[in-house]
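What follows is a short report on a single structure.
Residue numbers (the numbering used here): 654 to 1359.
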């Protein structure tokens, strides 16, 4: 049966009516959780005077009694008493008292081999004092390879015994987690009733509870601090999980909050923020919980800064608070997937700068803040480069120049400035602002000899093809977008290709049409239509296309237009199947190879330019390297913007059925297959004719018999 919550009145009031101070911090927590979503685990843990605790939220490994062999013995009830003990000096331990009521329905006694299986989903914390009894008689246990134990219990015919498992586990994490997966007992035959009770010391009040699941728990009745779960003839659908703040940390937080309330000094706020940051670090693997502590830590630091400014605190007093904020922001810059958030980098730079201003020269913490500023500014610089915001990038380089020489190399900064000015000049040139580009980089920037050779630059910016294949024909529609500045050259090259097809006797069966079209964004493009009649494939056309990267897509698609058709009949039904293979990986490989070649050549050009003593020659080399990299990027963009849509179409009566697939140059090799079933007209007429003849014969026979 499902269990409802039974809260005692006192416990309900204790759990639902926190103090005003707790309400205030809960509000700050929620506010921070909304403003600062979780992105990354913290890299620093706050210091504490509490007993040594593990930083993470380790989950002790439980043991469960299972059978080593198939058995008819059934589990009737399972009762697990989990008791947390506080030694009063910051040490916690968990005692597990698990009882299994086993029933032997047979008439003969059973000697059952059993094992104590550890929960593989929990941390490997070895239980201590493991004992197993069978109706109070000790059972000899042998250690197993997986960290568990094995033994043997005896159950008389028609008898029921109580097997009791007792052991202890340490709880030495800042955020201890108790996990008891009662679903493990489901390996026993039968439908057992289940009761799990968790008893807690007074030092772990409900205010310290973070996670408690499943949600069908109830308070233990009376003065006992704890919860319990009850299940009748079923098991919970998730593990029993309880997570809380360690009493030693909780006591420190309460003391810090009282200190803040008594005298809102920067040191008190720093202490409170550091404690919450420590919990944030401990909750790193669970973003939802970590986000709560991130918000509370940030609220403490920010409130401390506000209070300090209001009473005229010095930069030295505010420095620890700013440093704490910077440490928090630093953990959010990169998420677990590697994505970078420049906004958090900007916040870290600002707070690290404020912290450094209050720290003396030579201070270790100041050196750390300067390194963080260097890291953050470089992230912002990368973001500015990515969005081609060269003025912002130059301003960031100027800010890097304010850092101490042991943090940043001034010579490299000057080189970065020159590179950015060159990039800005190239952007101005792309925007057709030649005068401004020349003013920044000189007339050499418009020198055509610094461009990558025409054959190494893509003639087209994208290729898209729609291929519709049936039993009797294949139709292809190519849409080619010319590369910027090469529109006329691209259109003429395609026209020459079509003319070469028309001159070839082998390709005359194909119907080819070429026309200029307006693509999305008002860009002029080229539309190439190719119709291949029954029995004709595009291989003949492909053989007349140059095997070079410029035409890799056109050639690769035409080489793979062969469609395999198959028809089978069943009574009046006809099943039609079409198959086609398509692999554009070779196309992408050619384009990637061109990009790699250009980047390597750009690196060589840049390296040669760096060795030049002549500044003019060095600048020309950098411009040429940028042009080569731009050409490489164009090949990479071509690969990202090119695709093929393949449609297999089969007639079905008065209509057609079809199915389509999308393929890119990075897709794995594809085998497209489409099948339909339809009534065959010829077979239907034949069946109707046979039926009519049969009816006539039957009528004639009946006429003669009358």
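Glycine is no exception: its CB is placed at the ideal position from the N, C-alpha and C atoms.
Alpha carbons only, please: which of the options is nearest the one belonging to residue i?
i: residue 1326; options: 1358, 1310, 1067; result: 1310
i: residue 1194; options: 1178, 1181, 987, 1212; result: 1212
i: residue 1253; options: 1278, 1270, 1240; result: 1278
i: residue 741; options: 728, 944, 901; result: 901
i: residue 1107; options: 1281, 1080, 847; result: 1281
i: residue 1113; options: 1178, 780, 766; result: 1178
i: residue 1289; options: 825, 838, 1217, 1110; result: 1110
i: residue 1291; options: 1115, 1088, 750, 1017; result: 1115
i: residue 757; options: 749, 794, 813; result: 813
i: residue 772; options: 760, 717, 1153; result: 717
i: residue 1258; options: 1271, 839, 1267; result: 1271
i: residue 1002; options: 990, 1023, 993; result: 1023
i: residue 974; options: 1119, 1015, 957; result: 957
i: residue 1000; options: 981, 1016, 988, 989; result: 981
i: residue 941; options: 994, 931, 915, 864; result: 864
i: residue 789; options: 807, 1035, 1355; result: 807
i: residue 953; options: 1261, 943, 818, 930; result: 930
i: residue 761; options: 992, 735, 811; result: 811
i: residue 966; options: 1296, 1005, 919; result: 919
i: residue 747; options: 899, 1273, 1234; result: 899
i: residue 835; options: 714, 787, 822; result: 714
i: residue 1146; options: 1204, 1042, 1196; result: 1204
Please report the distance separating the alpha-carbon of residue i from that of residue j.
i: residue 1185; j: residue 1125; result: 9 angstroms
i: residue 683; j: residue 1046; result: With a pLDDT of 30 at residue 683, under the threshold of 50, the modelled position of this residue cannot be trusted; read the value that follows with caution. Taking the straight line joining both Cα atoms gives about 36 angstroms.
i: residue 763; j: residue 778; result: 33 angstroms
i: residue 1199; j: residue 1121; result: 24 angstroms
i: residue 680; j: residue 945; result: With a pLDDT of 30 at residue 680, under the threshold of 50, the predicted position of this residue should be treated as unreliable, though the coordinate-derived value follows. Each residue's Cα considered, the two are about 11 angstroms apart.
i: residue 947; j: residue 1053; result: 29 angstroms
i: residue 889; j: residue 846; result: 11 angstroms
i: residue 656; j: residue 887; result: With a pLDDT of 31 at residue 656, under the threshold of 50, the predicted position of this residue should be treated as unreliable, though the coordinate-derived value follows. The alpha-carbon atoms of residue 656 and residue 887 are separated by roughly 11 angstroms.
i: residue 1275; j: residue 1144; result: 32 angstroms
i: residue 754; j: residue 805; result: 15 angstroms
i: residue 1362; j: residue 1031; result: Only positions 654 to 1359 of the chain appear in this structure, which leaves residue 1362 out of reach.
i: residue 1077; j: residue 1285; result: 19 angstroms
i: residue 1242; j: residue 1209; result: 12 angstroms
i: residue 911; j: residue 978; result: 22 angstroms
i: residue 1357; j: residue 1229; result: 46 angstroms
i: residue 1373; j: residue 1150; result: Nothing can be reported for residue 1373, as the shown portion of the chain is limited to 654 through 1359.
i: residue 1040; j: residue 985; result: 21 angstroms
i: residue 879; j: residue 862; result: 11 angstroms
i: residue 855; j: residue 903; result: 12 angstroms
i: residue 1371; j: residue 1131; result: Outside the displayed span of the chain (654 to 1359) sits residue 1371, for which this structure offers no information.
i: residue 1261; j: residue 1098; result: 18 angstroms
When burial is assigned at 16 or more other CB atoms within 10 Å of the CB, is residue i buried or exposed?
i: residue 1202; result: buried
i: residue 907; result: exposed
i: residue 827; result: buried
i: residue 687; result: In this prediction, residue 687 has a pLDDT of 29, which is less than 50 and means its spatial position is unreliable; what the coordinates show is noted afterwards. So residue 687 counts as exposed.
i: residue 693; result: Low confidence applies to residue 693: its pLDDT is 30, below 50, so where it sits in the model is not reliable, and the reading given next is rough at best. Buried.
i: residue 1344; result: exposed
i: residue 1166; result: exposed
i: residue 972; result: buried
i: residue 1123; result: buried
i: residue 1350; result: exposed
i: residue 1251; result: buried
i: residue 1138; result: exposed
i: residue 1233; result: buried
Ignore the nearest five residues each way along the sequence and tell me which others in residue i's own chain have a CB closer than 7 angstroms to its CB.
i: residue 1069; result: 1050
i: residue 913; result: 921, 922, 925
i: residue 1313; result: 1298, 1299, 1300
i: residue 1060; result: 1023, 1024, 1027
Which residues in the same chain as residue i place their Cβ atom closer than 6 angstroms to its Cβ, once the five residues preceding and following it in sequence are excluded?
i: residue 832; result: 712, 775, 892, 894
i: residue 1104; result: 1280
i: residue 1036; result: 995
i: residue 1012; result: 972, 1018, 1019
Please return the same chain residues whose Cβ sits closer than 8 angstroms to the Cβ of residue i, not counting the five positions on each side in sequence.
i: residue 1238; result: 1318, 1319, 1320, 1321, 1322
i: residue 1093; result: 1074, 1075, 1077, 1078, 1081
i: residue 802; result: 716, 768, 769, 783, 785, 794, 795, 796
i: residue 1287; result: 1110, 1111, 1114, 1136
i: residue 745; result: 737, 738, 739, 823, 824, 825, 829, 899, 900
Under 8 angstroms by Cβ, that's how I've got residue i and residue j pegged, so tell me the actual separation to the nearest angstrom.
i: residue 728; j: residue 843; result: 5 angstroms
i: residue 917; j: residue 949; result: No, residue 917 and residue 949 are not in contact; Cβ-Cβ is about 16 angstroms, not under 8 angstroms.
i: residue 768; j: residue 815; result: In fact, because the Cβ distance is near 18 angstroms, the residues do not count as touching under 8 angstroms.
i: residue 938; j: residue 896; result: Actually they are not in contact, since the Cβ atoms of residue 938 and residue 896 sit about 11 angstroms apart, beyond 8 angstroms.
Does residue i have its Cβ less than 8 angstroms from a Cβ in chain D?
i: residue 1122; result: Included in the structure is just one protein chain, with no chain D present.
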